[in-house]
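Enquirer: Dumping the structure here so I can ask a few things about it.
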Amino acid sequence: MKRFITNALVLVAVGISTSEIKAQSAPGNITGQVKDDLSGQGLPNASIVLKRAGDGKLVNTLTDTKGTFRFDNLQDGLYTLTIDYIGYKSYRKDSVLISQGTASTDKLPVSLVLDQKSLKGVTVKAARPYIVMKSDRVVVNVAESPVAAGGDALQVLSRAPGVTDDGGLQLRGKKVVVLVDGKDSRLSGDELKEWLSAMPGNSIDRIELVTNPGAKYDARGGAVINIITAKNKNFGTNGTVTVGTGFGVYPRYNGGISLNHRSRKLNLFGSYDYQYSKQYADLYSDRTLDKDNSIFENTNETRTRNSHALKIGADYDINKRNTLGLLVKGTLNYRDRAAFNRSVQDNLNNPQDPYSTVSTDGRMRVWNPSVNLYYKSILDSTGRQLTVNADYFSYQKTWKDDFTTRFYDQEGQEQHPAYVLRDNSPANNTIASVAADYSQPVKKGSLEAGVKATFTRTDNDVLWEQLTGKYWETDKGKTNHFIYKENIFAAYANYSRSIGKVSMQLGLRAEQTATEGNSVTYQQVTKRDYLNIFPSVALMYEHSAKHQFGISYRQSIDRFSFDVVNPFVRYISQYFYYQGNPYIKPSVGHNVEVNYSYNDELMASVGYQHYNDALASVYQKDSNNVVTGTDVNLKSGDAITATLTHSKAYFNGLWISTNTAMLMYAKYNEPGAGQLSNAGTNVYVNTNNMFKLPGGFSAELSGTYISPMVFGVYRFRPQYYVDAGISKSILNKTGKLTLNVTDIFNTRARQYDISSFGVQSYYSIKEESRFVKLIFSYRFGNQQVKSAKVRKAAIEKEQRRMESN
1091 MKRFITNALV LVAVGISTSE IKAQSAPGNI TGQVKDDLSG QGLPNASIVL
1141 KRAGDGKLVN TLTDTKGTFR FDNLQDGLYT LTIDYIGYKS YRKDSVLISQ
1191 GTASTDKLPV SLVLDQKSLK GVTVKAARPY IVMKSDRVVV NVAESPVAAG
1241 GDALQVLSRA PGVTDDGGLQ LRGKKVVVLV DGKDSRLSGD ELKEWLSAMP
1291 GNSIDRIELV TNPGAKYDAR GGAVINIITA KNKNFGTNGT VTVGTGFGVY
1341 PRYNGGISLN HRSRKLNLFG SYDYQYSKQY ADLYSDRTLD KDNSIFENTN
1391 ETRTRNSHAL KIGADYDINK RNTLGLLVKG TLNYRDRAAF NRSVQDNLNN
1441 PQDPYSTVST DGRMRVWNPS VNLYYKSILD STGRQLTVNA DYFSYQKTWK
1491 DDFTTRFYDQ EGQEQHPAYV LRDNSPANNT IASVAADYSQ PVKKGSLEAG
1541 VKATFTRTDN DVLWEQLTGK YWETDKGKTN HFIYKENIFA AYANYSRSIG
1591 KVSMQLGLRA EQTATEGNSV TYQQVTKRDY LNIFPSVALM YEHSAKHQFG
1641 ISYRQSIDRF SFDVVNPFVR YISQYFYYQG NPYIKPSVGH NVEVNYSYND
1691 ELMASVGYQH YNDALASVYQ KDSNNVVTGT DVNLKSGDAI TATLTHSKAY
1741 FNGLWISTNT AMLMYAKYNE PGAGQLSNAG TNVYVNTNNM FKLPGGFSAE
1791 LSGTYISPMV FGVYRFRPQY YVDAGISKSI LNKTGKLTLN VTDIFNTRAR
1841 QYDISSFGVQ SYYSIKEESR FVKLIFSYRF GNQQVKSAKV RKAAIEKEQR
1891 RMESN
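Numbering (our numbering), first residue to last: 1091 to 1895.
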């Protein structure tokens, strides 16, 4: 009994379920109490479901006004206990054993305890880990990281185990869909990074890394990264104030406030965050034209960002089973840039070469408000539940650049008047969706089903003008107007059950997609209409309390970014263009993953991915030595990954070390493709170490190494970086002071070679990454309010693909 109480207390401290469970000595009886992990107060009307393995028999109840519950007259056997409460993460325990009238659970790692709590003389003391490994995902508890404070979401993601950025975010070699509280901006590439850069890292509670998501998720993407923002769980009125400053080459600062008020039925909440940063970026390229000639380009750029993030919402409990919510949020991001480029046409036979310079002055403004209307109903005491989401997302962007190009001879004399260009590239993109999700227990299992309709429209009207004398004239060769529409109608069903030590989940998802790309400039319209069926299967075998084995399969679709289907040639620089492909097709992927976990400390997985009509980037040069990039479909592509993660607490939880190693092999399959079929094995290593120090201090030291990699036309160079931070609780634990340094040795950079259809190039991209930051946060007011509910909008994938729109 003492061991059972201790294990339940561990889960309370982690905050996963905020529950305490006790096994009684009376035959076949289990009683327990569900509490809020911060306030310790009981949670009334929590849904408790107990399912027996083998026959799937269900018994259920609700907690009383004090949060207590009781089951009587239970038969011997292995049970699964599930606890749900609106606004809290579900708790599930699969190994509740009733044997000769006594209930027991498996031992949980002591390292999961956040602080010291006692119950009937039993005391557990440990620390909440930075990494938690689960059967279907890895959870990164960002709130425990001193390094995350004062940074942004993009920096936080880059340190998550298994996450890499080789021109786009990937998780264990899979393309990802990034969600925030279940919602997706549907951005990609640089647009996604700008959006994540505007999100304060201290607003994030945890990150869920889902490598093989089920049918409930949209089929797009091989993996899902869900960023879950921090929520206050207290009664009354309270808030948090955060201020910070730091510097790299230039100073930076941030500040924010969040407020929360809850009465018996109504919860009002809101927040505002501001970030200012200025950083440099150096870009270098060396492109070989022939054996005697090359073009060298070097760009120095400074980027200044002013980011505002605003959120306001309300949750109203109509009664104990029905909840209505409204959430309005948005970000306003200002980014200015000043760049200077120098290009040299190098001839090995000439001691001096002609060169050119380009001065760029750019301004970008992005305003992306979103609205979510939410309704959730617990239909009856058996556990039937209905959730409805209606969402609207708008992405309004203005983008203006002024370019001044000057040409010089070998002696540095300017040859003719400067060539002056300017562009105005606005984007007007909207997404609207409605979704309904239903779940219920069924005989020997549970059933989930849902439908969703998503309507997306992007409108990009790009105007280029050239200065001729005193007047601006439209440059028709670069001016472009493109409108893209995409409607997706989806339905899914999931069935889950346990048979002895085996649990399984079967899923099926259908998506009907209709697209229309309208190049107003070319007067060219391309339409598509297609139906895809996406099955998914997951099996888990619990050999014992310490050993678990799993295997899963998922079919997915990799849809291109919206600008990829725009047939127009886009001007990037004087030596580089990009041309869209209106005939490109989405790629269908098959993902298989086998995993093993030991004692909640060790997780090993091997994954295989096969893509038909694989999406690939290729580059070609013309007679003027201008390189044009485009995206094409290749016959297929394959990838194999092997990942090993070990997390363990040492010295009674004073040091928690989490280490991840990954091997990855990826290859395109295209007859006669030559260099596109290049492939090699890549090694990724990440270590994260959290320390509890005397005097209320905590510290973190982390590092990442990525080995060279060959994939298609790319050959990536190795990179490594180290981060560190230290924090201390002050003001009677209502305040926290944090000091951190990112990329201590200033080694983080992307370097790669491209070999494609006669294009031989080397690129080095070094964005400023070494920063020193000092952050202070303070919690005020009543600390007894329930948190605002975390809810998932129906827009889960569509917003992501608005790259360069």
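All residues carry an ideal CB built from backbone N, CA and C; glycine is no exception.
In the DSSP assignment, find the beta strand (DSSP E) that holds residue 1428 and state where it starts and stops.
Expert: Your numbering for residue 1428 matches position 338 in the sequence shown. Taken as a continuous stretch (DSSP letters only), the beta strand (DSSP E) holding residue 1428 covers 1412 to 1437.
Enquirer: Less than 8 Å separating the beta-carbons of residue 1543 and residue 1529?
Expert: Here the question's residue 1543 lines up with position 453 in the sequence shown. Here the question's residue 1529 lines up with position 439 in the sequence shown. Contact: no.
Enquirer: Under 8 Å, with one C-beta from each stretch per pair, do the stretch 1587 to 1598 and the stretch 1547 to 1559 reach the 3-pair mark?
Expert: Judged by Cβ distances under 8 Å, the stretch 1587 to 1598 makes no contact with the stretch 1547 to 1559, as fewer than three pairs qualify.
Enquirer: Using the Cα positions of residue 1655 and residue 1290, report the straight-line distance between them to the nearest angstrom.
Expert: The sequence position of residue 1655 within the sequence shown is 565, counting from 1. The sequence position of residue 1290 within the sequence shown is 200, counting from 1. Rounded to the nearest angstrom, the two C-alpha atoms are 33 Å apart.
Enquirer: Can you tell which of 1574, 1646, 1863 and 1487 has its C-alpha closest to the C-alpha of residue 1670?
Expert: For the purposes of this step, residue 1670 is identified with residue 580 of the sequence shown, where counting begins at 1. Measuring from the Cα of residue 1670, the nearest candidate turns out to be 1574.
Enquirer: Tell me which residue opens and which closes the alpha helix (DSSP H) that residue 1243 is part of.
Expert: Along the sequence shown, read from residue 1 onward, the residue named residue 1243 stands at position 153. 1243 to 1248 is the extent of the alpha helix (DSSP H) around residue 1243.
Enquirer: Whole angstroms are fine: how far does the CA of residue 1734 sit from the CA of residue 1631?
Expert: The count along the sequence shown starts at 1 and reaches residue 1631 at position 541. The count along the sequence shown starts at 1 and reaches residue 1734 at position 644. Computed Cα separation, rounded: 19 Å.
Enquirer: Please classify residue 1234: does DSSP put it in a helix, a strand, or coil?
Expert: Residue numbering aside, residue 1234 sits at position 144 when the sequence shown is read from its first letter. Of the three classes helix, strand and coil, the one that applies to residue 1234 here is helix, per DSSP.
Enquirer: Just the Cα atoms here: how many angstroms apart are residue 1801 and residue 1237?
Expert: In the sequence shown, residue 1801 corresponds to position 711, counting from 1. In the sequence shown, residue 1237 corresponds to position 147, counting from 1. Using only the alpha carbons, I get a separation of about 32 Å.
Enquirer: What residues in its chain sit with their C-beta under 6 Å from that of residue 1675, if we drop five residues either side in the sequence?
Expert: The count along the sequence shown starts at 1 and reaches residue 1675 at position 585. Excluding residues within five positions, the ones whose Cβ falls inside 6 Å are 1703 and 1723.
Enquirer: Determine the closest residue to residue 1451 out of 1760, 1511, 1649 and 1603, with distance taken between C-alpha atoms.
Expert: Counted from its first residue, the sequence shown places residue 1451 at position 361. If we check each option's Cα against that of residue 1451, 1511 comes out closest.
Enquirer: Kindly indicate the opening and closing residues of the beta strand (DSSP E) around residue 1806.
Expert: Here the question's residue 1806 lines up with position 716 in the sequence shown. It spans 1804 to 1806 - the beta strand (DSSP E) in which residue 1806 sits, taken as one unbroken run.
Enquirer: Within 10 angstroms of its Cβ, does residue 1438 collect 16 or more other Cβ (buried), or is it exposed?
Expert: Here residue 1438 corresponds to residue number 348 of the sequence shown, with the count starting at 1. Residue 1438 is exposed by the Cβ-count criterion.
Enquirer: Let me know the secondary structure DSSP gives residue 1699 once reduced to three states.
Expert: Against the sequence shown, residue 1699 aligns to sequence position 609. DSSP places residue 1699 in strand when its eight states are reduced to three.
Enquirer: Should residue 1347 and residue 1362 be called a contact, given that it needs their Cβ atoms to be closer than 8 Å?
Expert: As a first step, residue 1347 is located in the sequence shown; it is residue number 257 there, counting from the start. As a first step, residue 1362 is located in the sequence shown; it is residue number 272 there, counting from the start. Yes; because the gap between Cβ atoms is below 8 Å, this pair is in contact.
Enquirer: Measure the Cβ-Cβ separation of residue 1157 and residue 1186 and say whether it is below 8 Å.
Expert: Here residue 1157 refers to the residue found at position 67 of the sequence shown. Here residue 1186 refers to the residue found at position 96 of the sequence shown. Their beta carbons are not under 8 Å apart, which means residue 1157 does not touch residue 1186 by this criterion.
Enquirer: Return the CA-CA distance between residue 1737 and residue 1636, expressed in angstroms with no decimal places.
Expert: For the purposes of this step, residue 1737 is taken as the residue at position 647 of the sequence shown. For the purposes of this step, residue 1636 is taken as the residue at position 546 of the sequence shown. If I take the Cα positions, the gap works out to 14 Å.
Enquirer: Where does residue 1269 land, buried or exposed, given buried means 16+ other C-beta within 10 angstroms?
Expert: Here the question's residue 1269 lines up with position 179 in the sequence shown. Residue 1269 should be labelled buried.
Enquirer: From residue 1430 to residue 1373, what distance separates their C-alpha atoms?
Expert: Along the sequence shown, one-based indexing puts residue 1430 at 340. Along the sequence shown, one-based indexing puts residue 1373 at 283. Between residue 1430 and residue 1373, the alpha-carbon positions lie close to 10 Å from each other.
Enquirer: Can you list, in chain order, the stretches of the alpha helix (DSSP H) that have 4 or more residues and sit fully within the stretch 1546 to 1594?
Expert: none
Enquirer: Which residues does DSSP list as the beta-bridge partners of residue 1296?
Expert: Translated into positions along the sequence shown, residue 1296 becomes position 206. Beta-bridge pairing links residue 1296 to 1318.
Enquirer: Quick check: the stretch 1455 to 1471 against the stretch 1404 to 1414, are at least 3 beta-carbon pairs closer than 8 Å?
Expert: yes
Enquirer: Which residues mark the beginning and the end of the beta strand (DSSP E) in which residue 1164 is found?
Expert: As a working mapping, residue 1164 is identified with position 74 in the sequence shown. For residue 1164, there is no enclosing beta strand (DSSP E), since its DSSP letter is neither H nor E.
Enquirer: Bridge partners for residue 1530 per DSSP, in chain order?
Expert: Stepping through the sequence shown from its first residue, residue 1530 is reached at position 440. Residue 1530 has 1537 as its beta-bridge partners, per DSSP.
Enquirer: Looking at residue 1398: is its Cβ nearer than 8 Å to the Cβ of residue 1364?
Expert: In the sequence shown, counting from the first residue as 1, residue 1398 sits at position 308. In the sequence shown, counting from the first residue as 1, residue 1364 sits at position 274. Taking 8 Å as the Cβ cut-off, residue 1398 and residue 1364 qualify as a contacting pair.
Enquirer: Just list the beta strand (DSSP E) runs in the stretch 1629 to 1665, keeping only unbroken ones of 3 residues or longer that don't cross its boundaries, in chain order.
Expert: 1637 to 1648 and 1659 to 1663
Enquirer: Between the stretch 1160 to 1171 and the stretch 1556 to 1566, do three or more beta carbon pairs fall short of 8 Å?
Expert: no
Enquirer: Rank 1476, 1521, 1454 and 1479 by C-alpha distance to the C-alpha of residue 1489 and give the top, closest one.
Expert: As a first step, residue 1489 is located in the sequence shown; it is residue number 399 there, counting from the start. The shortest C-alpha separation from residue 1489 is found at 1454.
Enquirer: Helix, strand or coil for residue 1677 per DSSP?
Expert: In the sequence shown, residue 1677 corresponds to position 587, counting from 1. Of the three classes helix, strand and coil, the one that applies to residue 1677 here is strand, per DSSP.
Enquirer: Less than 8 Å between the CB atoms is what I'm expecting for residue 1665 and residue 1708, so what's the real figure, rounded?
Expert: Residue 1665 sits at position 575 when you count from the first residue of the sequence shown. Residue 1708 sits at position 618 when you count from the first residue of the sequence shown. Their Cβ separation, rounded to whole angstroms, is 17 Å, which puts residue 1665 and residue 1708 out of contact at 8 Å.
Enquirer: Specify the secondary structure class of residue 1211 as computed by DSSP and reduced to three states.
Expert: Taking the sequence shown and counting its residues from 1, the one referred to as residue 1211 is at position 121. Note that residue 1211 scores 30 on pLDDT, short of 50, meaning its location in the model is unreliable; the coordinates nonetheless yield the value given after this. In the structure shown, residue 1211 sits in coil (DSSP, three-state: anything other than H, G, I, E or B).
Enquirer: Please confirm if the stretch 1814 to 1822 is in contact with the stretch 1334 to 1349, defined as three or more CB-CB distances below 8 Å between the two stretches.
Expert: The stretch 1814 to 1822, when compared against the stretch 1334 to 1349, does not touch it at the 8 Å Cβ threshold.
Enquirer: State yes or no: is the C-beta of residue 1803 within less than 8 Å of the C-beta of residue 1710?
Expert: Counting from one through the sequence shown, the residue named residue 1803 turns up at place 713. Counting from one through the sequence shown, the residue named residue 1710 turns up at place 620. No, Cβ-Cβ distance for residue 1803 and residue 1710 is not below 8 Å.
Enquirer: Where in the stretch 1742 to 1780 do unbroken runs of the beta strand (DSSP E), each at least 3 residues long, occur, reported from the N-terminal end onward?
Expert: Within the stretch 1742 to 1780, the complete beta strand (DSSP E) segments at least 3 residues long are 1745 to 1759, listed from N- to C-terminus.
Enquirer: Is the beta carbon of residue 1386 less than 8 Å from the beta carbon of residue 1434?
Expert: Mapped onto the sequence shown, residue 1386 falls at position 296. Mapped onto the sequence shown, residue 1434 falls at position 344. Yes, Cβ-Cβ distance for residue 1386 and residue 1434 is below 8 Å.
Enquirer: Using the C-alpha atoms, what's the distance from residue 1303 back to residue 1578?
Expert: Residue 1578 sits at position 488 when you count from the first residue of the sequence shown. Residue 1303 sits at position 213 when you count from the first residue of the sequence shown. About 19 Å.
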